[in-house]
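Residue numbers (this note's numbering), protein chains in the order written: chain A, 1 to 294; chain B, 1001 to 1294; chain C, 2001 to 2384; chain D, 3001 to 3384.
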Amino acid sequence: MGILVDENTRIIVQGITGREGSFHARACKAYGTNLVGGVTPGKGGQLFDEEVPVFDTVAQAVEETGANLSLIFVPPPFAPDAIVESADAGVPLIVCITEGIPVLDMVKLDKYLQSTPVRLIGPNCPGLITPGAKCKVGIMPGSIHQAGRVGVVSRSGTLTYEAVGQLSDLGIGQSSCVGIGGDPITGTSFVDVLRMFNDDSGTDLVVFIGEIGGTKEQEAAAYIKAEFTKPICTLVVGAAAPAGKRMGHAGAIITGESARVEAKTAALQDAGATIIPTPADIGITAQAVLQQLK
Amino acid sequence: MGILVDENTRIIVQGITGREGSFHARACKAYGTNLVGGVTPGKGGQLFDEEVPVFDTVAQAVEETGANLSLIFVPPPFAPDAIVESADAGVPLIVCITEGIPVLDMVKLDKYLQSTPVRLIGPNCPGLITPGAKCKVGIMPGSIHQAGRVGVVSRSGTLTYEAVGQLSDLGIGQSSCVGIGGDPITGTSFVDVLRMFNDDSGTDLVVFIGEIGGTKEQEAAAYIKAEFTKPICTLVVGAAAPAGKRMGHAGAIITGESARVEAKTAALQDAGATIIPTPADIGITAQAVLQQLK
Amino acid sequence: MKIHEYQAKEIFARYGVKIPRGKVVRTPQEASRATEELGGQSVLKSQVHAGGRGNAGGVKVVRSPKEAEDAAQQMLGKNLITRQTDAKGVPVNELLVEGLADIAQETYLAITIDSSHRGPVILASAQGGMDIEEVAAANPDDIHTEPVDSTLGLMPFQSRRLAAKLGFSPELARPAAQAIHALYRLFVENDCSLVEINPLIATGDGEIVALDAKITVEDDSLFRHADLYELRDVSQEDKLEAQAADLDISYVSLEGDVGCLVNGAGLAMATLDAAKNAGASAANFLDVGGGATDEKVASAVEIILSDPKVKQVLVNIFGGILRCDIAARGVILAYKNKNSSLPLVVRMLGTNVDEGKAILRDSGLNVTFADTIAEAAQAISAAR
Amino acid sequence: MKIHEYQAKEIFARYGVKIPRGKVVRTPQEASRATEELGGQSVLKSQVHAGGRGNAGGVKVVRSPKEAEDAAQQMLGKNLITRQTDAKGVPVNELLVEGLADIAQETYLAITIDSSHRGPVILASAQGGMDIEEVAAANPDDIHTEPVDSTLGLMPFQSRRLAAKLGFSPELARPAAQAIHALYRLFVENDCSLVEINPLIATGDGEIVALDAKITVEDDSLFRHADLYELRDVSQEDKLEAQAADLDISYVSLEGDVGCLVNGAGLAMATLDAAKNAGASAANFLDVGGGATDEKVASAVEIILSDPKVKQVLVNIFGGILRCDIAARGVILAYKNKNSSLPLVVRMLGTNVDEGKAILRDSGLNVTFADTIAEAAQAISAAR
């Protein structure tokens, strides 16, 4: 089980002939992902790794391969076009890895996507993986994952791997792991992913990792309190970050009290989450909760 | 019964202090419409006709009067603002009479309104009336209407009155009459109104009046064929209009075969509609169909 | 509102769309000089607000300045009659003199508003340089329709797709996409209802050039485009239609002899249909509009009375936003101003109808009242 | 990217937003002359990329050209330390000399992107001219938030509402609305992440004037704003942070002694948190980014090694888009280039981890390997 992808997911990579695109397309394929094609305008007709057909347009790729997920590695100035091209071609799920898309472009894209049935994961995200379906759609190192029944959701990339690494080291497998992305505006929210985990019979526990900045964790807390029915372990990082400084592209701007770790942790605790004390304790906290479930 | 409005509808008029706005606000009130307020920026605090409070903003009007319908008489350059102001203030039903709103403004408005739960009737329309609820929200002459069980829908203003006049002359009352407006882009389509009539237990028969130009009648015909369960009489005007000439603001541009009267009439006939042979036969055609229903 | 080809091309150039070298001339001498400047050969194009110029002799290729002068002499100052004009045609006051283009490929491109897509659409066909309506009728699949989302604007993948549908090679895709983007921006920023290029060509040098240019600005948007309104050329419009347009009255001249005053476009069309069914024929379509004053109604009736074809007048007013008393006063005023005695069939209903009828009854005009649209049609038919 | 007040005001003026008369000066003599031109009195404003200038002595009112010269002498060439700078402060290289304003009313206006509204929002408060964060904390209701729909843009009813929330009288509503519209257009057209005016004033003459001006351009959008990028003033930035920014590395200088190289902002924050929990303290936040090459990693490590505070280095790499072997090569290159022997704690996982560790093991550097984030934190704590 798991969410968003399964054995029937047919994946194309936009930007498959680029440096990052080709590296990760190969890694996804090696993991077992059903990579059915790639898209690079002007390179239609080529074969990627002597096997995967490359198309000029997403529409052609969809028509020829029946693709239903597009994974995007396209530089920021061209990524919005790539996303809309996939949406226009009827691809229902789009995962955009690209970091650095101008926020006003995302504002427009978000409006547009809301008028379509398309779901976008990202941008500026590591993608998602469902180990049980051998389906990796992103840049996470596949080897650290194990199939299992814990869902992981995070704004961050590498911190998600950290969480997964700690889980797998304790023999705790994952149903699905989703990085929603660190930008101020993302296609999919914490709440969207939590809702899917809530409905997924293959997920027993969720590990949730938030950050300073914004109020996304509070929105998640409100949803957890109102509707979420499963145990959840949460970590919010950034306690050691000084106020008023912007920490990278993580949307981690301390804008007020509610953006601080304490406020977010308090909201999640109030919602009934089990608080993970430090970044080193992700695995053991999850393990403890799972043991109680038995 | 009837559609869209009832005894609980509380109406404000935007542009109530203007020439058209004041005339028609008065006429609606005289008909029995529950006019609870008016809006003209800068004239808040006045009383219209010594009775109806005028507000500076729609938000104030809604807060003070509980208005749930706004009827707009505001010149074209300001009408989009008036519509969005009402939508923003949470008014669920907006009727815009204004003629001459630039089409690209409507394109944007339409996009925006689709992301809200708000319904817009018009622009460039006569409004709507439900005689049984003594609720007239528009510029139609109230006196020609009778309460009854025939629904009327049209793109046109005065041609709707013509239809109603012929019905009432034969003693056939109306459940509701709706003019969707003659512009290329309107908030509410024929199909939207037909769907409501289909669900309305107070409507036995619908009189549908189309025009040359565009393909709105074909879209209606497709819906009628697929889902509409009630008898319907249809007239399409413009047979005597020469090809290639634009006839007023009615969106009546003959753009191709499908825009012609013959094509539209054929589509409606194919959908099972009773065709009204000439504009003089609206009443008698409806009468004949009603007699068969008995 | 239509503008001339040369005016449209000036706007194209401002937006970075390539156009042929050329000059507008108003005399044969200027045509000669312009042709000389263009290297001794040129094409002379009549500047008229009507399609079908080519078949009607409105476009001539000349091989020398002298030939240009002679051809311009023939063209300027005459009326050009095309399949899109009436029998009088439209006056040719200006010629656009352009250098001959090196055409490698001809395509068709247009942008308009499509109500079923609820926004702008771009039409593209590799079948350029021919009658596009014939192409559409014979091979609808040869015309590609690309709807544009107004929030996003035209996206690059769409212009790539359009360039491909236009039949351009990959090398031409980039300049073609640039031109399409520029035209879309032009369309939106100028509130156009139509931008059309037939043909949009590729030259032997690999340039994308707009060989023709048509821009129609949406009338409802002219209030915010004073600069474009200045390009209006009244000489190209039917005199009565232009007069009506100035008064914001929708008027279209037709072939019959019954002048029609109606409020509302739908009712006006229904009135035309009813008249035709009764064996009469309308001299015009006229929608006096909703918010008309008595002066405006009077002006509308004066326009009707100015038409020598008109033998009788049919008034069909269903009072709503326009009140019957106002309509009645306007009709009387016009008959007085024009000192007319043409028979008048009046059918009035709706707001203030009793006042309106009383005013007309007391006016001394030769009025026949009708209660229904059918009676009105019969009355005008009987009076013939 | 921040720009100076005077640069922001030039952009304001271009968009039709009124600003005080003024001049940028770089010498005391220029300050004197500018004050003379302004009628003998002026306000001298330090041009620095930091808030809190006023309380820190960075803004001075002078009553004569001589006084201006003396004050400018005091201010120019010095570092200004405010609550938003570090202990070194930021250099004052330019002063904006402005005429004294006739202030009738002070308000606060800002535009930014709000992720919970998924688009631009306009913040307005009648409490202008004071610390807006204090206002927000004490009386949140005094700050009005107006979200703008990006499809429609800012609508007139919204600017009327904003003018009312700013506390302007009905007579000032129109000029205020015009200014707000201009600022919104400026925000969108220049891809700003912040436009802020504190105070936006009404003068005694009923003019709306931006007395202050703050513009931050979104870094991710700079690729399409070459003109704005030219306004960058590196002198205002932390030297190492500026160096990092040039390399597209996220780096923030902190107070501790452990230099940190991490990939990913979230993991970098988690690393800081873990270090703190173990009793150590980071010298910096550094996210080397996803698509880093070995040269870029090397540059990042060199920046860390350039910081004299740094006593040891912690590398925490979870290979994903960045591969461990590349990170390892970069670290070695930097240590070699800087000829450094600082102790190095390395925790690596993920893509190509074995290669990465092998490369480091063979490098001869003083490396302690850790398997977990907890072990890494303990290792740096133990090495202190």
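Yeah, the Cβ is synthetic: ideal placement off N, Cα and C, and Gly gets one too.
- Residue burial is scored here from C-beta neighbours: Arg2323(C) has at least 16 other C-beta atoms within 10 angstroms and is therefore classed as buried.
- In this structure, the beta-carbon distance from Ala2268(C) to Asp2287(C) falls below 8 Å.
- Residue environment analysis places Lys2009(C) among the buried positions, since at least 16 neighbouring C-beta atoms fall within 10 angstroms of its C-beta.
- Scanning the stretch 2219-2265 of chain C from its first residue to its last, the whole beta strand (DSSP E) runs of 3-plus residues come out as 2250-2253, 2258-2262.
- Put simply, the CB of Asp2149(C) is near chain A, with a gap under 8 Å to one of its CB atoms.
- Residue range 3367-3370 is occupied by the beta strand (DSSP E) that includes Val3367(D), with no alpha helix (DSSP H) assigned at that position.
- The C-alpha of Lys2276(C) lies about 37 Å from the C-alpha of Thr2145(C).
- Between the alpha carbons of Leu1159(B) and Gly1032(B) lies a gap of roughly 23 Å.
- Between Ala2031(C) and Val2048(C), the alpha-carbon positions lie close to 17 Å from each other.
- Between Asp2233(C) and Val2252(C), the alpha-carbon positions lie close to 18 Å from each other.
- Pairing His1145(B) with Gly2350(C), the inter-Cα distance amounts to about 10 Å.
- Taking a C-beta cut-off of 7 Å against chain D, the contacting residues of the stretch 1107-1139 of chain B are Lys1108, Lys1111, Tyr1112, listed in chain order.
- In the DSSP assignment, His2144(C) falls within the unbroken beta strand (DSSP E) covering 2143-2147.
- Going by beta carbons, Val1207(B) and Val1150(B) fall inside the 8 Å limit.
- Burial is judged here by how many other beta carbons sit within 10 angstroms of a residue's own beta carbon; Leu47(A) has fewer than 16 and is exposed.
- Between the alpha carbons of Leu3333(D) and Leu3344(D) lies a gap of roughly 14 Å.
- Residue range 3103-3114 is occupied by the beta strand (DSSP E) that includes Gln3105(D).
- In this structure, the straight-line span from the alpha carbon of Gln3074(D) to that of Ser3125(D) is close to 34 Å.
- In this chain, the alpha helix (DSSP H) harbouring Gly165(A) covers 158-169.
- Taking C-beta separations shorter than 6 Å and ignoring five residues to either side along the sequence, the partners of Ser3299(D) in its chain run Leu3247, following chain order.
- Inclusion of Ala2056(C) and Ile2019(C) in the CB contact set at 8 Å is not warranted, their separation being larger than that value.
- Within a 10 Å sphere around the beta-carbon of Asp199(A) sit fewer than 16 other beta-carbons, which makes this residue exposed.
- Close to Tyr31(A), with beta-carbon spacing below 7 Å, lies no residue of chain D; the smallest spacing is near 11 Å.
- Burial state of Gly1132(B) is buried, judged by a 10 Å Cβ sphere holding 16 or more other Cβ atoms.
- In this structure, the beta-carbon distance from Phe55(A) to Gly21(A) does not fall below 8 Å.
- Exclusion of the five residues before and after Ala271(A) leaves Ala221, Ile224, Lys225 as the residues of its chain whose Cβ lies within less than 7 Å of its Cβ.
- Shown here, Ala1241(B) sits in coil according to DSSP, grouped into three states, outside any helix or strand.
- Separation of Gly2016(C) and Pro1102(B) (C-alpha to C-alpha, rounded to the nearest whole angstrom) is 26 Å.
- Proximity to Glu2302(C) across Leu2076(C), Lys2066(C), Val2331(C), Gly2279(C) peaks at Val2331(C), based on C-alpha coordinates.
- Residues are counted here when their Cβ sits less than 9 Å from a Cβ of chain A; for the stretch 2154-2181 of chain C these are Met2155, Pro2156, Phe2157, Gln2158, Arg2160, Arg2161, Ala2164, Pro2170, Ala2173, given in chain order.
- Contact residues of the stretch 2118-2135 of chain C toward chain A are absent (C-beta to C-beta distance below 7 Å).
- For the stretch 2274-2350 of chain C, the full-length beta strand (DSSP E) segments reaching 3 residues or more read 2284-2287, 2312-2319, 2344-2350 along the chain.
- Under a 10 Å Cβ-count criterion, Met2001(C) is classified as buried, with 16 or more other Cβ atoms of the shown protein chains found around its own Cβ.
- Sorting Asp2191(C), Glu2196(C), Ile2197(C) by C-alpha distance to the C-alpha of Ala2226(C) places Asp2191(C) at the top.
- For Gln1014(B), the three-state secondary structure derived from DSSP is strand.
- Within the same chain, and ignoring the five residues on either side of Val1164(B) in sequence, the residues whose Cβ sits closer than 8 Å to its Cβ are Met1140, Ile1144, His1145, Val1152, Gln1174, Cys1177.
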